[in-house]
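Asks:
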Amino acid sequence: MAYEYVPLAVLLPFLGFLINGFLGRYLKREALIGSIASLMVGAGFVIGLTTLFELLAAPPESRTRIVELFPWISAGGLNVPVAYQVDPLSVTMLLIVTGVGFLIHVYAIGYMHGDPGFWRFFAYLNLFIFAMLNLVLADNFLLLFLGWEGVGLCSYLLIGFWYDRNFEKGTTGDAAKKAFIVNRIGDFGFLIGMFLIFSTFGSLRFQTVFAQAAAFEVGSPVILAITLALFFGATGKSAQIPLFVWLPDAMAGPTPVSALIHAATMVTAGVYMVARCSLLYALAPAALTVVAVIGACTAVFAATIGLVQNDIKKVLAYSTISQLGYMFLALGVGAFSAGIFHVMTHAFFKALLFLGAGSVIHAMHDEQDIQRMGGLKAHMPVTYWTFFIAALAIAGIFPLSGFFSKDEILWKAFSGGHGVLWAMGLAGAFMTAFYMFRLVVLTFEAEPRWGKDKHPHEAPSTMAVPLIILAVLSVVGGIAGIPASLGGGNAIEHWLEPVFRPALDKLGGTGHEDHTMELVLMAVSVSVALSGIWLARRWYLRKKEIPEALTARIPGIYRLLWNKYYVDEAYDGAIVTPLQKGSEKLLWKVVDVGVIDWLVNGSARAVGFVSRGLRLLQTGAAQSYVVVFILGVVAILGWLLVH
Amino acid sequence: MITEHILSILLALPLLGACAVMLLPRHSGAAVKITGLLFSGIAFALSVWMFVVFDEAQPAMQFVEYVSWIPALDIGYSVGIDGISLLLVVLTTFLTPIALLASWDSVKDRLKGFVALMLLLEVGTLGVFVALDLFLFYVFWEFMLIPMYFIIGIWGGADRVYAAVKFFLFTMAGSVLMLVAIIWLGYYASTLPGGHFTTNLLTLYSVAPGIPFAIQSWMFLAFTLSFAIKIPLFPLHTWLPDAHVQAPTAGSVILAGVLLKMGTYGLLRFSIPLFPDATFTYLPYLAILAVIGIVYGALVSWVQPDLKKLVAYSSVSHLGFVVLGLLALNEEGVQGGVLQMVNHGLSTGALFLLVGMIYDRRHTRMIKDYGGLARIMPVYATMFMIVMLSSVGLPGLNGFVGEFLILVGAFTSQVLGSPWYAVAGATGVILAAVYLLWSYQRVFFGRVENPDNKGLRDLSLREWCVLVPVIIVIGWIGVYPKTFLDKSAVATRSVVQRYEEGRRGDVRAVSGMQGTGAVQSGQSGNILAGTGAVRSGQSGSILAGTGAVRSGQSGSILAGTGAVQSGQAGSTLAGTGAVQSGQSGSTLAGTGAVQGGQPGSSMKGTGRTQTRQ
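Here it is in structure tokens:
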């Protein structure tokens, strides 16, 4: 049975990590190191595919299997094994992670060519995949958490990969540290969620927890607390308000890392986790509302920042945050499979965008400022066309993959009666189309604005082939979810249905499907996207004075967006600095040294003081002892006489 | 033969080693080191064998030996171990040879004395963990101070004398009171019908919980103060940073790795099972101190400019976790606490080893003197990273297993009665990442700015041998903690049960309507005319007593001093006390406060009524 080999899909990347981690420096040959790492991930994809077909052959209601390996942590009532759950949702994620991950590995062989840390890079990449696969395949919350923290660690290692380089105002080390710590703040929420789950259900295994949860009332306060705590964790990992701040800085790492973090792994973890706990969220409608509102707000908020950024990777970073917002919007309105569908299509086109950006940066000798690019279309056609396709896909142009998944989300928001959230999603779609084509125009199409010293060239084949494959996937990926209104069967929804069925039952039926309305809304969103593209092309190709004039007209708003609403500065000023200064100036210097230690040494001084006094009594001179003795006798006699 | 006397042999081996070292000629450097390593190595091998043959299903003490010492007072050489002491014994024998190997080149002056004292230190700490007689325990407890005092005072840094004296006096201050309490316990046993003076722990286990509450409180506090200093629990921790910074590497490793565990071990072995009622009463205060320690230790650690001091303060934070777990008094929490003792010994021990290695090269511990070491010493940087992540509590490594169990235990603990301890403690998980990553970045990342760091060599073969065993165990516990958790599971269960039974014994005494004690999570538990506490009981009441009713439904204290917390219809009648967030909580004719209660009223009393509806 193929599914029994799923643990192998998890362990092979770990094996790759060990081989390259221990022996990499002696293997010397880059091709060997890169092939080992890529094959370990590719093997996982093959196992995933075989499992997919096996599950498809089984009836939908019996597509969940558990593979238990060994007991992990047991004490008292807590018993957690290392066990993997193979079901439609986890297999989907397995395929996305290993499939896109494999392409990124292959691409990185070309991209990292000549780097002295080549072996180290591939060891970390494999470890990343290992952690992510634990996350999506775990059959319990604790093992999921292992992957959850594991991807945090790997992002730390990879963002800080070039640990002696500068990045923005600080170093890559700052960016790496920030990623880990902000993720840890989210993990705090996840931990609290797990404690609540254990104290409520007495178990951390999905099947046990969900089986018991089914008996709970909708609106139960403890479920609300659990779901909110878990969602706080998700805002950390999936870069939502208020914990999104680490993701833009994550671009300090080599570009394949950005692709891995933004597309295939890591940031999708929060979406997956909420989808996995769909039943719990369905029991807490208030939490679902929170998820939807945070998602919609993040989608718009991040898009506005993306409008003005000039760093090619930073634009893409904010677009990731924005797209993740759409995924949470989907989850929040109960469209769980639409959320996962968008995870998949987004993995294709966002990986493509980042790898394309990497190809540009590679060609431009580490230049990342799009104001100093332009005209690259002629020099690197493969990169240009694939990037163009990805931009169309993310903008949601029919019939590319992004169209189907994004429209599914918008439609579910609208048909679920969330008009405001739908409008926010639509506004975000307009901005997405605009900033993506601003990026395309300024990078590839407008007149060249780079110096004579640069000689841009097309990427080598290890980099170009993955770009082409991802471009094909970005085009056709939507086939998995063509809605009924367009005559499709929405295969992915049916495939994932057994996983989400309990949750959807709790939420109640969506009622009738209004195909006409759906088609109208599709037309609306495509035209919105087209107008965004049109505006960007007009402004940045022909009427360059307009954006400049606009910037000059509203300098306040421009600065606000350019500085990302000063969120980093606010966090630093309100939390980090006071805490650090308070720890140093107050806790350490005053409380610890000034008060506690002063008291301790004070009592020692007091003993010394008293001893010095007492020492005077012990003069050693016999005469004074006699005097004291006589005085004592007199005193006693006197006392007796008085009484 | 060996199995019967294994503990005595284990105690004798380092002692013999110390004698052998002293007998060696004056200038035999290598021979001294090899002898020391040999004896401590054999002791480790023996303890591993003991670990293997230890019967984890057996609840009683194992490898027990008894020799009468002072028959008139029933003081004896009584040793034996359960699963909890087993883990700590193995930790001690594991770390001692590693510490010796780590100071192979760094200690040159008076080498013989150093090695002999390290071995004597091992005798003392092993004795503490295996003693089943309070007097014997006390002897080892005090004995251990002497070698540690000299190790800090002779081979330490610039302020070594100050640190050594501080360490000595701090610890002595606590243990004097403990001695008084031990003698009183023995005396108490002799006042019982048919009893006689004894310091036998197993006898006292059945006798001590019956001590009247007021006296039990004093006993508990005397023992616990001594342990709290050793742990060290906030705010008794200020000896620790000084001692660590001044101690030589080997001293720091043993101090952090093993000596601090003597305090937490003492809580678990003596304070809690001997005085369950007092434990119950004082437990919330200890738990609060533990949580403060977690957060405070982490925050102060964050801002240390001295790498070694940073690790020292992080111990305050980690030991706070251990105490919190032990106080949860359920299996999850105590198992987590016990495992975390081992984990802390490994990860903090290893951090001190690592700091020592860089100190040997550069003779500075200041973080600002470093930077960019990842480029120059990649292997060192990698090992530091692994150990750091273990200390941060990354899942897959050892620290996580302990921390998670502790927090889960504290969160669900009936005894603590509130999940907020665990929630507050869990912030330590964030802060651990903050202070460790902050320092790691400054030491290892960035460019090499300081020319003194340019030529540093990476780890030597000896240093590999020092670190690799620790890292292997770090990974082992992280992936398959069952090996270790299973050993201590039965012992943990019996600690929890003994505590519960001690308490139930009191409830029975209370049904005689007078007495001291506490009713816990019982339905309609009453204490009449007694001192004590009712926690999370339904309709728990204390009549004419001093005490507290916590989260009980219709808990009331009549004519007593005390507090009713979050109880429904909690009332303090004619007493001094406080009613908090109770529905229709009222303080009648008493001094006290009613907080957040529905129709809460304070009648004829001095007091406050807050936010009542």
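Residue numbers (my numbering), protein chains in the order written: chain C, 19 to 661; chain W, 4 to 616.
The beta-carbon is built from N, C-alpha and C at its ideal position, and this holds for glycine as well.
As the structure is a computational prediction, the values presented were derived from the model and not from experiment.
Got a sec: is the Cβ-Cβ distance from C/Arg202 to anything in chain W below 7 Å?
Replies: In the first sequence, the residue the question calls residue 202 of chain C occupies position 184. So yes, C/Arg202 belongs to the interface.
Asks: Using the rule of at least 16 other Cβ atoms within 10 Å of the residue's Cβ for burial, across every protein chain shown, is W/Gln526 buried or exposed?
Replies: The count along the second sequence starts at 1 and reaches residue 526 of chain W at position 523. Low per-residue confidence applies at W/Gln526: pLDDT is 38, beneath 50, and the placement is therefore not dependable, though the value from the model is reported in the following sentence. W/Gln526 is exposed by the Cβ-count criterion.
Asks: Starting from the C-beta of W/Ala413, find all residues in its chain whose C-beta is less than 7 Å away, skip the five residues before and the five after it, and write them out in chain order.
Replies: Start at 1 with the first residue of the second sequence, and residue 413 of chain W comes out as number 410. Closer than 7 Å at Cβ, skipping near neighbours: Leu327, Gly328, Ala331, Gly336, Leu419, Tyr424, Ala425, Gly428.
Asks: Step through the CB atoms of chain C and report whether any lies within less than 7 Å of the CB of W/Ala60.
Replies: Along the second sequence, read from residue 1 onward, the residue named residue 60 of chain W stands at position 57. Not closer than 7 Å to any Cβ of chain C, the Cβ of W/Ala60 fails to qualify, so no.
Asks: How is the beta strand (DSSP E) around C/Glu86 delimited, first residue to last?
Replies: As a first step, residue 86 of chain C must be located in the first sequence, where it is residue number 68. 83-93 is the extent of the beta strand (DSSP E) around C/Glu86.
Asks: If the cut is a Cβ gap below 8 Å, which residues of chain W does C/Ser92 touch?
Replies: Here residue 92 of chain C refers to the residue found at position 74 of the first sequence. Per Cβ cutoff of 8 Å: Lys485, Leu488.
Asks: With H, G and I counted as helix, E and B as strand and the rest as coil, what does DSSP make of C/Ala156?
Replies: For the purposes of this step, residue 156 of chain C is taken as residue 138 along the first sequence, with counting starting at 1. DSSP places C/Ala156 in strand when its eight states are reduced to three.
Asks: What does C/Asp615 reach in chain W if we use C-beta pairs closer than 7 Å?
Replies: Position 597 of the first sequence, counting from 1, holds the residue named residue 615 of chain C. Per Cβ cutoff of 7 Å: Thr241.
Asks: Return the chain-ordered list of same chain residues with a C-beta closer than 7 Å to the C-beta of W/Asn346, the five sequence neighbours on each side being excluded.
Replies: Here residue 346 of chain W refers to the residue found at position 343 when the second sequence is read from its first residue. Once the five neighbours on either side are set aside, the close Cβ partners of W/Asn346 are Asn401, Gly402, Gly405, Ile480.
Asks: Taking its Cβ as the centre, do 16 or more other Cβ atoms sit within 10 Å of C/Lys46, making it buried, or is it exposed?
Replies: On the first sequence, position 28 is the one that residue 46 of chain C refers to. Burial state of C/Lys46 is exposed, judged by a 10 Å Cβ sphere holding fewer than 16 other Cβ atoms.
Asks: Tell me which residues share the same chain as W/Gly354 and place their Cβ nearer than 7 Å to its Cβ, disregarding the 5 neighbours each side in the sequence.
Replies: The residue you call residue 354 of chain W lines up with position 351 of the second sequence. Rather than Gly, the amino acid found at residue 354 of chain W in this sequence is Leu. Correct list, in chain order: Val314, Val390, Ser394.
Asks: Anyone know if the C-beta pair for W/Ala377 and C/Ile199 falls short of 7 Å?
Replies: Here residue 377 of chain W refers to the residue found at position 374 when the second sequence is read from its first residue. Here residue 199 of chain C refers to the residue found at position 181 when the first sequence is read from its first residue. No. Outside cutoff.
Asks: Starting from C/Lys195, find everything on chain W with Cβ-Cβ shorter than 8 Å and list it in chain order.
Replies: Counting from 1 along the first sequence, the entry for residue 195 of chain C is found at position 177. Within chain W, the residues near C/Lys195 are Leu440, Trp441, Gln444.
Asks: Which residues, in chain order, does the segment 225-239 of chain W contribute to contact with chain C at a C-beta distance below 7 Å?
Replies: Those would be Pro238, in chain order.
Asks: Take C/Leu297 and list the residues in its own chain whose beta-carbon comes closer than 8 Å to its own, dropping the five residues that flank it on each side.
Replies: Numbered from 1 along the first sequence, position 279 holds the residue referred to as residue 297 of chain C. Answer for C/Leu297: Phe228, Ala231, Ala232, Pro520, Ala521, Lys524, listed in chain order.
Asks: If I measure Cβ to Cβ from C/Val115 and keep anything under 7 Å in the same chain, skipping five residues before and after, which residues do I get?
Replies: Start at 1 with the first residue of the first sequence, and residue 115 of chain C comes out as number 97. Here the set comprises Ile147, Met150, Leu151, Val154, Ala282, Thr283.
Asks: Determine, using beta carbons only, whether W/Gln338 comes closer than 7 Å to chain C.
Replies: Position 335 of the second sequence holds residue 338 of chain W. W/Gln338 counts as touching chain C.
Asks: Determine whether the Cβ of W/Arg368 lies closer than 7 Å to any Cβ atom of chain C.
Replies: Within the second sequence, numbered from 1, the residue matching residue 368 of chain W stands at position 365. No, its Cβ sits nowhere closer than 7 Å to a Cβ of chain C.
Asks: Closer than 7 Å between beta carbons: that is the criterion. Which residues of the segment 373-384 of chain W meet it against chain C?
Replies: Gly375, Ala377, Arg378
Asks: Within 10 angstroms of the Cβ of C/Asp205, are there 16 or more other Cβ atoms? Answer buried if so, exposed if not.
Replies: By one-based count along the first sequence, residue 205 of chain C stands at place 187. That one is buried.
Asks: For the beta strand (DSSP E) containing W/Ser71, list its first residue and its last residue.
Replies: Taking the second sequence and counting its residues from 1, the one referred to as residue 71 of chain W is at position 68. Note, W/Ser71: beta strand (DSSP E), 65-73.
Asks: Identify each residue in the segment 177-194 of chain W for which the Cβ-Cβ distance to at least one residue of chain C is less than 7 Å, and report them in chain order.
Replies: none
Asks: Expressed to the nearest angstrom, what Euclidean distance is found between the alpha-carbon atoms of C/Gly612 and W/Thr38?
Replies: Counting from 1 along the first sequence, the entry for residue 612 of chain C is found at position 594. Counting from 1 along the second sequence, the entry for residue 38 of chain W is found at position 35. Near 45 Å, if we compare the C-alpha coordinates of W/Thr38 and C/Gly612.
Asks: Can you tell me which of C/Glu465, C/Leu41, C/Asp157, C/Glu531 puts its alpha carbon nearest to the alpha carbon of C/Leu87?
Replies: As a position in the first sequence, residue 87 of chain C is number 69, starting the count at 1. The closest CA to that of C/Leu87, considering only C/Glu465, C/Leu41, C/Asp157, C/Glu531, is found on C/Asp157.
Asks: W/Thr415 versus chain C: which residues are under 8 Å apart at the beta carbon?
Replies: The residue labelled residue 415 of chain W in the question sits at position 412 within the second sequence. Those are Phe213, Phe216, Ser217, listed as they occur along chain C.
Asks: According to a CB-to-CB cut-off of less than 9 Å, which residues of the segment 391-421 of chain C neighbour chain W?
Replies: none
Asks: Quickly, what does DSSP pair C/Gly188 with across the bridge? List them, please.
Replies: By 1-based counting over the first sequence, the position of residue 188 of chain C is 170. DSSP lists C/Phe185 as partners of C/Gly188.
Asks: On the three-pair Cβ rule with 8 Å, is the segment 137-155 of chain W touching the segment 118-125 of chain W?
Replies: yes
Asks: List the whole-angstrom C-beta distance separating W/Ser274 from W/Phe223, where the pair is believed to meet the contact cut-off of C-beta under 8 Å.
Replies: Mapped onto the second sequence, residue 274 of chain W falls at position 271. Mapped onto the second sequence, residue 223 of chain W falls at position 220. With a beta-carbon spacing of about 6 Å, W/Ser274 and W/Phe223 fall inside the 8 Å limit used to define contacts.
Asks: Which class does W/Arg628 belong to by DSSP, given the choice of helix, strand or coil?
Replies: No statement about residue 628 of chain W is possible, as the shown extent of chain W runs from 4 to 616 and does not include it.
Asks: Who are the near neighbours of C/Ala193 in its chain, counting only those whose CB is closer than 6 Å to its CB and skipping five residues on each side?
Replies: Reading the first sequence from its first residue, position 175 is the one you call residue 193 of chain C. Excluding residues within five positions, the ones whose Cβ falls inside 6 Å are Ile177, Phe185, Asp267, Ala270.
Asks: With 16 as the cutoff for other CB atoms within 10 Å, does C/Ala570 come out buried or exposed?
Replies: As a position in the first sequence, residue 570 of chain C is number 552, starting the count at 1. With fewer than 16 other Cβ atoms within 10 Å, it is exposed.
Asks: Which term fits C/Gly207, buried or exposed, when burial requires 16 or more other beta carbons within 10 angstroms of its beta carbon?
Replies: Within the first sequence, the letter at position 189 stands for residue 207 of chain C. When all chains shown are included, C/Gly207 counts as buried.
Asks: Counting C-beta neighbours from all protein chains within 10 Å, is the total for C/Trp657 16 or more, i.e. buried, or is it exposed?
Replies: The sequence position of residue 657 of chain C within the first sequence is 639, counting from 1. Exposed.
Asks: Could you spell out where the alpha helix (DSSP H) holding C/Ala447 opens and where it closes?
Replies: In the first sequence, the residue the question calls residue 447 of chain C occupies position 429. Segment 437-458, the alpha helix (DSSP H) holding C/Ala447.
Asks: Anything in the segment 303-326 of chain W with a Cβ closer than 7 Å to a Cβ of chain C? List those residues in chain order, please.
Replies: So the close ones are Val303, Trp305, Val306.
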